[in-house]
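Reading through the structure tokens given below for one structure.
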Amino acid sequence: MIHFNSIKAYNTYLGYGKPKKELIDVVRYKDFENLRLTCKGLTSDFYMMAFKRSMTDLNWFGNTEYDTESGFLYFIKPNQVHSWKVLKPWEGYQILISPILLQEYAIDFNFFQYEVDEALFLTDDEQLQIEQLYEQILNEYRKDNYELDLLMAYCNLIFTYIEKCYKRQFKTRQPLYNKIVLEFKRQLNDYYSKEPKVLPTVHYFAEQLNLSSNYFGDLIKHNTGKTASEIIQERIILVAKQQLKEDQHSISEIAYNLGFDYPTYFGRLFKKLTGITPTEFKKQVNKASK
1 MIHFNSIKAY NTYLGYGKPK KELIDVVRYK DFENLRLTCK GLTSDFYMMA
51 FKRSMTDLNW FGNTEYDTES GFLYFIKPNQ VHSWKVLKPW EGYQILISPI
101 LLQEYAIDFN FFQYEVDEAL FLTDDEQLQI EQLYEQILNE YRKDNYELDL
151 LMAYCNLIFT YIEKCYKRQF KTRQPLYNKI VLEFKRQLND YYSKEPKVLP
201 TVHYFAEQLN LSSNYFGDLI KHNTGKTASE IIQERIILVA KQQLKEDQHS
251 ISEIAYNLGF DYPTYFGRLF KKLTGITPTE FKKQVNKASK
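No gaps in the numbering here: position 270 of the sequence shown is 270 in full-length UniProt numbering, and each next residue is one more.
Encoded structure:
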């Protein structure tokens with residue numbers, strides 16, 4: 001595994017030429033003739049946002065029957081393994097950018113943490129817009145006296161547009177994602193039947209469904225109107241109510257059985273979602289049963 005801590009070394013390896021700055025580089029692929037067509041695996045200290053066309057094996061990037069076969073975008077985060085093997089050079093653009101710059105300009109989007117196979121597949125209109133935005137970024141970057149503030153503003157603009165396109169993709173893929181939502185809810189409903197005594201998490205269910213936590217969370221939010229965390233918490237409280245009604249365990253025992261490290265945390269969540277404490281709920285149940 002090869003790791004790159006400088007854009008210069010990364011570009012030399014891939015055949016992109018020398019970058020103008022240490023923390024950001026903008027590349028148009030057709031400007032370079034000797035691109036590396038095969039790599040068994042590399043990592044870097046940077047984010048990469050790649051817009052590509054003429055790539056084979058689109059299924060590897062997450063293409064589905066609901067997507068076009070136009071250009072697509074994907075993201076590589078720092079220390080994420082990236083490998084490829086193609087027969088011919090691809091077309092398009094990429095931006096390589098340091099987390100330092102993103103932090104300095106307070107730029108952060110959920111899709112920065114998506115996996116490669118959660119790529120954005122563009123419509124023809126979206127592809128045209130993306131190409132125009134990349135050209136604007138590239139033209140500014142190539143100026144001898146380019147303005148970093150303007151360059152980062154362009155980057156923020158293209159990121160904002162990408163976020164909008166992902167929302168469109170979530171909508172386009174709704175028949176597929178409805179199945180994922182149903183499977184998530186099925187697994188959530190069955191979770192405590194296995195008596196794990198560990199709180200269910202977004203990360204756990206994302207792993208079960210072979211999705212990144214951020215992509216899974218955005219998918220659930222788009223399709224249900226609630227966050228995955230909200231749905232999980234509602235299920236925890238429903239199970240808690242069932243156990244409180246049975247009157248076989250103390251509130252502390254129920255909290256531990258549900259996976260809470262401290263009963264006080266359970267009490268806070270219960271009151272937040274129901275408006276009353278577990279003790280008050282238990283009293284109401286006992287009163288109603290008499």
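The C-beta atom is built at its ideal place from N, Cα and C for all residues, glycine as well.
Quick caveat, the model's predicted, so the values are computed rather than measured.
Does residue i come out as helix, strand or coil in the three-state DSSP assignment?
{"i": "M55", "result": "coil"}
{"i": "L273", "result": "helix"}
{"i": "F4", "result": "strand"}
{"i": "S193", "result": "helix"}
{"i": "L120", "result": "strand"}
{"i": "S250", "result": "coil"}
{"i": "Y154", "result": "helix"}
{"i": "S212", "result": "coil"}
{"i": "A106", "result": "coil"}
{"i": "Y66", "result": "coil"}
{"i": "Y47", "result": "strand"}
{"i": "P200", "result": "coil"}
{"i": "L142", "result": "Note on residue identity: the sequence assigns Arg, not Leu, to residue 142. R142: coil per DSSP, three-state reduction."}
{"i": "G225", "result": "coil"}
{"i": "N79", "result": "coil"}
{"i": "R168", "result": "helix"}
Looking at the unbroken beta strand (DSSP E) that takes in residue i, where does it start and where does it end?
{"i": "K94", "result": "According to the sequence displayed, residue 94 carries Gln and not Lys. Where Q94 is concerned, the enclosing beta strand (DSSP E) stretches over E91 to I97."}
{"i": "N85", "result": "Note on identity: in this sequence residue 85 is Lys, with Asn being the wrong assignment. First-last of the beta strand (DSSP E) with K85: H82 to K85."}
{"i": "L73", "result": "F72 to I76"}
By the 10 Å Cβ neighbour count, where 16 or more other Cβ atoms means buried, how is residue i classified, buried or exposed?
{"i": "E195", "result": "exposed"}
{"i": "P175", "result": "exposed"}
{"i": "E118", "result": "buried"}
{"i": "R168", "result": "exposed"}
{"i": "A9", "result": "exposed"}
{"i": "G92", "result": "buried"}
{"i": "D125", "result": "exposed"}
{"i": "W60", "result": "exposed"}
{"i": "M1", "result": "exposed"}
{"i": "G41", "result": "exposed"}
{"i": "K197", "result": "exposed"}
{"i": "L188", "result": "buried"}
{"i": "D67", "result": "buried"}
{"i": "R268", "result": "exposed"}
{"i": "residue 334", "result": "Outside the shown range of the chain, which is 1 to 290, sits residue 334, and nothing can be said about it."}
{"i": "K52", "result": "buried"}
{"i": "R173", "result": "buried"}
{"i": "V116", "result": "buried"}
{"i": "G17", "result": "exposed"}
{"i": "residue 291", "result": "Past the boundaries of the shown model lies residue 291; the chain is included only from 1 to 290, so the question cannot be answered."}
{"i": "S250", "result": "exposed"}
Distance cutoff 9 Å, beta carbons only. Does residue i sit that close to anything in chain B?
{"i": "N34", "result": "Note that chain B does not occur in the displayed structure, where there is just one protein chain."}
Which residues mark the beginning and the end of the alpha helix (DSSP H) in which residue i is found?
{"i": "K241", "result": "A228 to E246"}
### Message
List, from N- to C-terminal side, the beta strand (DSSP E) runs of 3 residues or more that fit wholly inside the stretch 6–42.
### Response
24–28
### Task
Determine, using beta-carbon pairs with one atom in the stretch 31–49 and one in the stretch 80–88, whether at least three such pairs fall under 8 Å.
The stretch 31–49 is in contact with the stretch 80–88.
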